[in-house]
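Undergrad: Protein sequence lines, in the order shown, are assigned to chains A and B. Oh and the first sequence: position 199 is 199 in the working numbering, straight run, nothing missing. Oh and the second sequence: position 209 is 439 in the working numbering, straight run, nothing missing.
Number of protein chains: 2
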Amino acid sequence: MKVGELAKRTGISIRTLHHYDELGLVSPHRTVSGHRLYGRDEVVRLQQVLSLRQLGFPLEEIRELLARRDFDAQQLVRNHVERLRRQIAAQQELCARLEAVAAHYHSASAEEFIQAIEVMTMFDKYYTKEQLDTLAQRREMFGEEKLREFQEEWPRLIASVREEMQRGTDPKDPKVQALAKRWMELIEAFTGGDAGIRESLQNLYQGEPQFAAQQGMDPRLSEYVQKALD
Amino acid sequence: MKVGELAKRTGISIRTLHHYDELGLVSPHRTVSGHRLYGRDEVVRLQQVLSLRQLGFPLEEIRELLARRDFDAQQLVRNHVERLRRQIAAQQELCARLEAVAAHYHSASAEEFIQAIEVMTMFDKYYTKEQLDTLAQRREMFGEEKLREFQEEWPRLIASVREEMQRGTDPKDPKVQALAKRWMELIEAFTGGDAGIRESLQNLYQGEPQFAAQQGMDPRLSEYVQKALD
DNA sequence: CTTGCTCCTCACGTAACGTGAGGTTCTAAG
DNA sequence: CTTAGAACCTCACGTTACGTGAGGAGCAAG
Numbered sequence: 001m002k003v004g005e006l007a008k009r010t011g012i013s014i015r016t017l018h019h020y021d022e023l024g025l026v027s028p029h030r031t032v033s034g035h036r037l038y039g040r041d042e043v044v045r046l047q048q049v050l051s052l053r054q055l056g057f058p059l060e061e062i063r064e065l066l067a068r069r070d071f072d073a074q075q076l077v078r079n080h081v082e083r084l085r086r087q088i089a090a091q092q093e094l095c096a097r098l099e100a101v102a103a104h105y106h107s108a109s110a111e112e113f114i115q116a117i118e119v120m121t122m123f124d125k126y127y128t129k130e131q132l133d134t135l136a137q138r139r140e141m142f143g144e145e146k147l148r149e150f151q152e153e154w155p156r157l158i159a160s161v162r163e164e165m166q167r168g169t170d171p172k173d174p175k176v177q178a179l180a181k182r183w184m185e186l187i188e189a190f191t192g193g194d195a196g197i198r199e200s201l202q203n204l205y206q207g208e209p210q211f212a213a214q215q216g217m218d219p220r221l222s223e224y225v226q227k228a229l230d
Numbered sequence: 231m232k233v234g235e236l237a238k239r240t241g242i243s244i245r246t247l248h249h250y251d252e253l254g255l256v257s258p259h260r261t262v263s264g265h266r267l268y269g270r271d272e273v274v275r276l277q278q279v280l281s282l283r284q285l286g287f288p289l290e291e292i293r294e295l296l297a298r299r300d301f302d303a304q305q306l307v308r309n310h311v312e313r314l315r316r317q318i319a320a321q322q323e324l325c326a327r328l329e330a331v332a333a334h335y336h337s338a339s340a341e342e343f344i345q346a347i348e349v350m351t352m353f354d355k356y357y358t359k360e361q362l363d364t365l366a367q368r369r370e371m372f373g374e375e376k377l378r379e380f381q382e383e384w385p386r387l388i389a390s391v392r393e394e395m396q397r398g399t400d401p402k403d404p405k406v407q408a409l410a411k412r413w414m415e416l417i418e419a420f421t422g423g424d425a426g427i428r429e430s431l432q433n434l435y436q437g438e439p440q441f442a443a444q445q446g447m448d449p450r451l452s453e454y455v456q457k458a459l460d
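1. In terms of residues, what are the limits of the alpha helix (DSSP H) holding residue 251 of chain B?
2. Which chain B residues sit within Cβ distance under 8 Å of residue 78 of chain A?
3. For chain B, check one thing: does any of its Cβ atoms lie closer than 8 Å to the Cβ of residue 182 of chain A?
4. Can you give me the start and stop residues for the alpha helix (DSSP H) that residue 104 of chain A sits inside?
5. Note down, in chain order, every chain A residue with its Cβ under 9 Å from the Cβ of residue 287 of chain B.
6. Alpha carbons only, please: which of B:379, B:293, B:457, B:231 is nearest the one belonging to residue 268 of chain B?
7. For residue 300 of chain B, which residues in chain A fall below 8 Å Cβ to Cβ?
8. Along the chain, where does the alpha helix (DSSP H) that runs through residue 373 of chain B open and close?
9. Residue 55 of chain A and residue 347 of chain B: beta carbons closer than 8 Å?
10. Identify, in the order they occur along the chain, each residue of the same chain with its Cβ nearer than 7 Å to the Cβ of residue 131 of chain A, setting aside the five sequence neighbours on each side.
11. Run through DSSP, which three-state label would residue 55 of chain A get?
12. DSSP beta-bridge partners for residue 267 of chain B?
13. State the DSSP-derived secondary structure class of residue 215 of chain A, mapped to helix, strand or coil.
14. Any idea if residue 459 of chain B is buried or exposed, counting beta-carbon neighbours within 10 angstroms, 16 or more meaning buried?
15. Please classify residue 408 of chain B as buried or exposed, where buried requires at least 16 neighbouring CB atoms within 10 angstroms.
16. Are the region 435-451 of chain B and the region 379-390 of chain B in contact at 8 Å, needing three or more beta carbon pairs?
17. Can we say the region 58-69 of chain A touches the region 303-316 of chain B, given the rule of at least three CB pairs closer than 8 Å?
18. Could you list the residues in the region 339-373 of chain B with a C-beta less than 7 Å from some C-beta on chain A, going in chain order?
19. Return the first residue and the last residue of the alpha helix (DSSP H) that residue 185 of chain A is part of.
20. Can you tell me where the alpha helix (DSSP H) holding residue 239 of chain B begins and where it ends?
21. Report the option in A:174, A:143, A:138, A:126 whose CA atom is closest to the CA atom of residue 205 of chain A.
22. Which of the residues in the region 199-225 of chain A, read from start to end, lie with their CB under 9 Å from any CB of chain B?
23. Could you name the residues of chain B that residue 40 of chain A contacts, counting a contact when the two beta carbons are closer than 9 Å?
24. When the distance is taken between beta carbons, is residue 258 of chain B closer than 8 Å to residue 272 of chain B?
25. Hey, how far is the Cα of residue 185 of chain A from the Cα of residue 105 of chain A?
26. Return the chain-ordered list of same chain residues with a C-beta closer than 7 Å to the C-beta of residue 438 of chain B, the five sequence neighbours on each side being excluded.
27. Take the Cβ of residue 281 of chain B as the centre, count every other Cβ of all protein chains shown within 10 Å, and call the residue buried at 16 or more, exposed below.
28. What is the rounded straight-line gap between the Cα of residue 255 of chain B and the Cα of residue 242 of chain B?
29. Over the uninterrupted alpha helix (DSSP H) stretch that includes residue 109 of chain A, give me the two end residues.
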């Protein structure tokens with residue numbers, strides 16, 4: 001059988017057969033003019049290659065397997081399954097996240113959408129898994145409505161405080177005190193009083209100044225609020 | 231900020247930053263001597279790129295997204311989730327199979343192992359999903375023990391029939407008739423009387439002669455058995 | 001002898017960078 | 001002012017499993 005025929009019968013492309021020949025995976029005989037000739041043995045070999053390929057093994061590994069057939073099949077499969085499991089887990093998490101974003105930012109603009117993803121990325125970086133779980137629970141407790149309110153209130157609150165700061169108002173001034181109180185309340189609502197979460201939050205805003213800036217925060221403002229809280 | 235510093239602060243490799251520059255994803259300014267200078271805007275941009283990358287989008291798509299920000303975020307995410315789900319499903323099936331092979335061929339040699347995989351591949355090709363499900367159920371019904379018995383009996387039975395054929399025994403001979411009866415029983419046990427499955431089985435052995443040969447079958451033997459069964 | 005089909009061997013392209021090679025610029029110390 | 005070493009630059013090849021021509025021969029039929 002020449003390549004074309006084998007290709008038609010197996011559905012494998014000619015190029016792929018050439019490729020396998022180059023890699024030494026399936027090595028057909030040749031006519032004097034150089035045309036490849038596949039016999040029974042080569043077809044069997046090809047089937048084996050295809051079978052292993054279907055299971056997701058890289059070609060290089062397949063070649064080694066078929067070369068020295070004394071490998072530990074069990075161990076091999078276990079390793080492979082392990083690899084797959086990890087990939088699957090990662091992808092499932094990704095999926096869950098994407099859907100969470102899609103669901104939550106139901107009618108969000110592109111800008112808001114990217115923002116949301118950025119926030120998620122940052123959270124991943126600064127919170128432990130347990131903390132993220134805790135936060136997810138708290139969010140569920142509050143419900144859509146409340147969350148949206150909080151999200152809309154924060155920028156307003158930050159803007160108000162910034163205004164007072166720029167105006168040079170004394171942090172002890174009752175107006176600032178009222179804002180600071182609300183500030184505390186919102187943070188408490190978010191952290192649920194968890195000291196670890198509060199710390200991670202602080203690390204996040206200190207460690208990612210450009211992220212903080214996007215939220216309207218900066219170190220000076222932080223300091224100002226801190227004074228008012230004391 | 232020069233590349234080295236940005237690289238340290240973000241944990242992204244210098245090469246990657248160069249790469250993103252080449253692709254026009256993050257385009258820093260340059261000093262007169264050509265060194266890259268990243269400012270606030272570029273860092274923000276980088277964060278966005280990284281966020282989208284983390285969600286598994288290809289860089290090319292990310293560039294388009296960030297270029298024309300009027301895209302439909304919902305649609306985009308849905309498409310992406312769809313892609314992911316398909317990948318996950320495929321990988322899970324793979325995993326399940328690998329484990330099935332590993333569990334079933336618990337102490338198999340490398341040869342048997344490859345054989346098993348080949349059989350699976352062939353089954354995939356010739357049976358529909360429903361038929362495969364049905365077969366899986368039947369296998370569970372029988373249990374490990376019975377299956378192993380069947381698997382050991384088949385080669386013996388095939389060998390016996392082949393012997394009679396080569397000896398030229400009349401298909402109507404009682405000895406051949408007894409073998410043919412057992413043959414029928416085994417096939418019935420396998421197909422569970424499902425006509426579709428029996429047909430697929432026949433297609434498999436007719437369509438994959440080299441597979442059939444590995445199992446010890448060939449067209450002449452088939453014909454002989456057929457005569458005996460009539 | 002030529003047409004048309006099949007075959008051959010390069011060899012580049014893909015995604016997202018890693019990893020040098022070889023050369024320039026910056027920075028701090030002598 | 002010079003010089004060593006760090007940091008920067010631009011190529012450019014390697015990775016995986018092939019796809020996709022380019023350009024040139026072999027092979028059967030008219």
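Note that CB positions come from ideal geometry on N, CA and C, so glycine has one too.
TA: Quick look at the numbers:
1. Membership of residue 251 of chain B in the alpha helix (DSSP H) is indicated by the continuous run 244-252.
2. Ordered by position in chain B, the residues that pass the 8 Å Cβ test against residue 78 of chain A are 332.
3. Residue contact check for residue 182 of chain A against chain B: no CB pair falls below 8 Å.
4. Bounds of the alpha helix (DSSP H) holding residue 104 of chain A are 73-104.
5. Within chain A, no residue has its CB atom less than 9 Å from the CB of residue 287 of chain B, the nearest being about 10 Å off.
6. Between residue 268 of chain B and the set B:379, B:293, B:457, B:231, the nearest pair of CA atoms involves B:231.
7. Near residue 300 of chain B (Cβ distances below 8 Å), the residues of chain A are 110.
8. Going by DSSP, residue 373 of chain B is part of the alpha helix (DSSP H) stretching over 359-397.
9. The answer is yes: Cβ separation under 8 Å.
10. Taken in chain order, the residues that qualify are 196, 197, 200.
11. DSSP places residue 55 of chain A outside both helix and strand once states are collapsed to three, so it counts as coil.
12. DSSP output for residue 267 of chain B lists B:259 as bridge partner(s).
13. Correct three-state label for residue 215 of chain A: coil.
14. Exposed, by the Cβ-count rule.
15. With a threshold of 16 other beta carbon atoms within 10 Å, residue 408 of chain B falls short and is exposed.
16. The region 435-451 of chain B vs the region 379-390 of chain B: in contact.
17. Not touching, per the Cβ criterion.
18. Residues 340, 341, 343, 344, 347, 348, 351.
19. For residue 185 of chain A, the enclosing alpha helix (DSSP H) starts and ends at 174-191.
20. Note, residue 239 of chain B: alpha helix (DSSP H), 233-240.
21. If we check each option's Cα against that of residue 205 of chain A, A:126 comes out closest.
22. 208, 210, 211, 213, 214: these are the residues of the region 199-225 of chain A whose beta carbon lies less than 9 Å from some beta carbon of chain B, given in chain order.
23. Taking a Cβ-Cβ cut-off of 9 Å, the neighbours of residue 40 of chain A in chain B comprise 440, 443, given in sequence order.
24. Between residue 272 of chain B and residue 258 of chain B, the CB-CB gap stays under 8 Å.
25. Cα to Cα, the separation comes out at about 24 Å.
26. For residue 438 of chain B, same chain residues with a beta-carbon under 7 Å away, outside a window of 5 residues either side, are 352 in chain order.
27. Looking at its Cβ environment, which holds 16 or more other Cβ atoms inside 10 Å, residue 281 of chain B is buried.
28. Cα-Cα distance, rounded: 14 Å.
29. Where residue 109 of chain A is concerned, there is no enclosing alpha helix (DSSP H), given that its DSSP letter is neither H nor E.
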